[in-house]
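Participant: A single structure is presented below for examination.
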Amino acid sequence: MRNRLAAALTVLALAACTPAPETAVEDPHAGSRPIAWNALLERPRESADARIFYGSGELEFGELWLPEGPGPHPVVAMIHGGCWLAAIPGTILQDYLAADLRRRGIAVWNLEYARIGHAEGAYPGTFEDIAAGIDHLRVLSPEHGLDLDRLVFTGHSAGGHLALWAAARGVLAEDSPLHRENPLLPDAVVTLAGINDLADYRAHGPGRCGEPETVDNLLAGAGYDDTSPAAMLPVGVPQTVISGELDPIVPPVLGERYVLLAQAAGDEAVSITLPDAGHFELIDPAAPAWAAILAEYERALAPGTPD
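To convert, note that position 298 of the sequence shown is 299 in my numbering; the numbers rise steadily by one, no gaps.
In structure tokens, the structure reads:
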């Protein structure tokens with residue numbers, strides 16, 4: 002526990018040491034320095050339409066953001082990051098994106114889940130929560146007018162890892178503890194500064210998430226075969242891996258290397274590196290990067306987009 006806390010405090014200290022400029026509220030991207038998550042969360046946030054539990058645990062819930070009208074609405078299932086650590090804020094990190102997508106007619110299912118430091122966090126609990134939360138969309142769909150034939154999974158940082166893992170569940174072996182019958186799979190996955198290859202991040206990450214220790218704590222003795230998308234290839238779902246050119250937490254080269262692996266395995270995968278963007282610009286709809294990210298969501302959710 003001491004090591005886990007140390008890793009969490011390292012992340013918090015490093016994130017906080019990049020202060021927002023004094024004009025952050027009026028012009029959040031004034032200046033050239035990438036923003037930190039604490040600067041993002043200083044801004045007002047809109048609220049979801051409902052908080053709905055997908056399990057019995059206190060962290061087994063999602064927040065549903067519903068556009069006006071009866072639907073059926075295309076859906077983005079969204080998973081927040083935070084280095085898989087309980088010490089980092091949760092779903093609120095994604096509220097800005099969720100609100101923007103809701104205004105554009107896209108429903109958002111923003112998942113909370115147990116993380117390292119929570120009683121049920123790390124392997125297998127973190128993965129089980131994500132699986133249960135994603136599959137709960139089938140329960141929500143009839144009542145809330147959700148179009149699960151237009152479904153994208155997305156996540157930021159550690160949440161990008163979990164979103165891509167959720168899309169890869171169709172290849173899990175039946176003897177895996179994480180195997181579930183008939184998992185709900187998306188039309189596409191968009192990862193935002195996603196940690197898509199756990200082994201690569203453990204070995205070559207810059208240490209901003211407390212790696213390699215944080216990856217070891219997440220796995221809790223398990224291997225990569227049913228936890229790391231890079232070890233589960235081919236995923237069989239189109240993938241867009243988006244990185245920020247200035248990201249000090251998940252550098253773009255990590256996303257680029259994952260995409261080469263995915264392409265070699267036969268997956269449809271592309272890497273996009275956005276100039277002048279850091280880590281948290283990718284979850285900030287006020288940032289210039291948002292236009293390119295939004296275009297990827299809209300392309301994947303367009304009617305008639307092939308699986």
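From the three backbone atoms N, C-alpha and C, an ideal C-beta is built for every residue, glycine too. Values in this document were obtained by computation on a predicted structure and should not be read as measured data.
Does DSSP classify Asn4 as helix, strand or coil?
Facilitator: One-based indexing of the sequence shown puts residue 4 at position 3. Bear in mind that the predicted position of Asn4 carries a pLDDT of just 42, short of 50, making it too unreliable to give a figure here.
Participant: Cα separation between Pro71 and Leu149?
Facilitator: As a working mapping, residue 71 is identified with position 70 in the sequence shown. As a working mapping, residue 149 is identified with position 148 in the sequence shown. Roughly 15 Å between the two C-alpha positions.
Participant: Counting Cβ pairs, one atom from each stretch, are 3 or more of them under 8 Å apart for the segment 192-200 and the segment 125-139?
Facilitator: no
Participant: Please give the ranges of any beta strand (DSSP E) in the segment 37-120, keeping only runs that are unbroken, at least 3 residues long and fully inside the region.
Facilitator: 51-54, 62-66, 74-80 and 108-112
Participant: Taking Ala223 as the reference, which of Ala123, Glu61 and Asp50 has the closest Cα?
Facilitator: Within the sequence shown, residue 223 is the residue found at index 222, counting from 1. For the residues Ala123, Glu61 and Asp50, the minimum Cα distance to Ala223 belongs to Ala123.
Participant: If distances are taken between C-alpha atoms only, which option among His119, Val77 and Leu94 comes closest to Asn218?
Facilitator: Reading the sequence shown from its first residue, position 217 is the one you call residue 218. Comparing Cα-Cα distances from Asn218 to each of His119, Val77 and Leu94, the minimum goes to His119.
Participant: Answer yes or no: does any C-beta atom of chain B fall closer than 8 Å to that of Gln264?
Facilitator: The structure shown contains no chain B; it is built from a single protein chain.
Participant: Given that a residue counts as buried once 16 or more other Cβ atoms are within 10 Å of its Cβ, and exposed if not, what is Ala301?
Facilitator: Indexing the sequence shown from 1 puts residue 301 at position 300. Buried, because 16 or more other Cβ atoms sit within 10 Å of the Cβ of Ala301.
Participant: Buried or exposed: Arg209, going by 16 or more other Cβ atoms within 10 Å of its Cβ?
Facilitator: As a working mapping, residue 209 is identified with position 208 in the sequence shown. Label assigned to Arg209: buried.
Participant: If Ala278 and Leu247 are in contact, beta carbons under 8 Å, what's the gap, nearest whole angstrom?
Facilitator: Counting from one through the sequence shown, the residue named residue 278 turns up at place 277. Counting from one through the sequence shown, the residue named residue 247 turns up at place 246. Yes, they are in contact, since the Cβ atoms of Ala278 and Leu247 sit about 6 Å apart, within 8 Å.
Participant: Taking contact to mean 3 or more Cβ pairs, one atom from each stretch, closer than 8 Å, check whether the segment 90-106 and the segment 58-76 are in contact.
Facilitator: yes
Participant: Measuring only the C-alpha atoms, how far is Pro276 from Ser57?
Facilitator: Against the sequence shown, residue 276 aligns to sequence position 275. Against the sequence shown, residue 57 aligns to sequence position 56. Near 43 Å, if we compare the C-alpha coordinates of Ser57 and Pro276.
Participant: Is the number of C-beta pairs between the segment 83-93 and the segment 137-155 that are closer than 8 Å three or more?
Facilitator: no
Participant: Which two residues bound the contiguous alpha helix (DSSP H) that contains Val254?
Facilitator: The residue given as residue 254 occupies position 253 in the sequence shown. Unbroken alpha helix (DSSP H) run through Val254: Pro253 to Ala265.
Participant: Just to confirm, is the Cβ distance from Leu138 to Trp110 under 8 Å?
Facilitator: Here residue 138 is taken as the residue at index 137 of the sequence shown, counted from 1. Here residue 110 is taken as the residue at index 109 of the sequence shown, counted from 1. Yes. Within cutoff.
Participant: Quick one: using the 10 Å Cβ neighbour count with 16 as the cut-off for buried, is Ala292 buried or exposed?
Facilitator: Your numbering for residue 292 matches position 291 in the sequence shown. It is exposed - the Cβ of Ala292 has fewer than 16 other Cβ atoms within 10 Å.
Participant: Report buried or exposed for Ser48, applying the criterion of at least 16 other Cβ atoms within 10 angstroms of its Cβ.
Facilitator: On the sequence shown, position 47 is the one that residue 48 refers to. Result: exposed.
Participant: Please state whether the Cβ-Cβ distance between Leu60 and Ala99 is less than 8 Å.
Facilitator: By one-based count along the sequence shown, residue 60 stands at place 59. By one-based count along the sequence shown, residue 99 stands at place 98. No.
Participant: Extract the residue ranges of the alpha helix (DSSP H) inside the segment 181-205, only unbroken runs of 4 or more that lie entirely within it.
Facilitator: 199-205
Participant: Please classify Glu212 as buried or exposed, where buried requires at least 16 neighbouring CB atoms within 10 angstroms.
Facilitator: As a first step, residue 212 must be located in the sequence shown, where it is residue number 211. Burial call: buried.
Participant: Rounded to whole angstroms, what is the Cα-Cα separation between His180 and Thr215?
Facilitator: One-based indexing of the sequence shown puts residue 180 at position 179. One-based indexing of the sequence shown puts residue 215 at position 214. If I take the Cα positions, the gap works out to 24 Å.
Participant: In the structure shown, what three-state DSSP assignment does Ile294 receive?
Facilitator: The count along the sequence shown starts at 1 and reaches residue 294 at position 293. Helix, per DSSP.
Participant: Tell me the start and end of each unbroken alpha helix (DSSP H) in the segment 216-240 that is at least 4 residues and wholly inside, in chain order.
Facilitator: none
Participant: Does the beta-carbon of Arg170 have 16 or more other beta-carbons within 10 angstroms, so that it is buried, or is it exposed?
Facilitator: Sequence index remark: in the sequence shown, residue 170 carries index 169 (1-based). Buried, because 16 or more other Cβ atoms sit within 10 Å of the Cβ of Arg170.
Participant: Is Ala296 buried or exposed, if buried means 16 or more other CB atoms sit within 10 Å of its CB?
Facilitator: Locating residue 296 in the sequence shown gives position 295, where the first residue counts as 1. Under this definition Ala296 is an exposed residue.
Participant: List the whole-angstrom C-beta distance separating Ala174 from Leu186, where the pair is believed to meet the contact cut-off of C-beta under 8 Å.
Facilitator: Looking up residue 174 in the sequence shown gives position 173. Looking up residue 186 in the sequence shown gives position 185. Not really, about 16 Å apart at Cβ, beyond 8 Å.
Participant: Whole angstroms is fine: what's the gap from Glu282's alpha carbon to Glu121's?
Facilitator: The residue you call residue 282 lines up with position 281 of the sequence shown. The residue you call residue 121 lines up with position 120 of the sequence shown. Distance between the alpha carbons of Glu282 and Glu121 is about 30 Å.
Participant: Candidates His145, Glu43, Leu193 and Val238: which alpha carbon is nearest Glu257's?
Facilitator: As a position in the sequence shown, residue 257 is number 256, starting the count at 1. Comparing Cα positions, the closest option is Leu193.
Participant: Please classify His162: does DSSP put it in a helix, a strand, or coil?
Facilitator: The residue given as residue 162 occupies position 161 in the sequence shown. Residue state, collapsed to three classes: helix.
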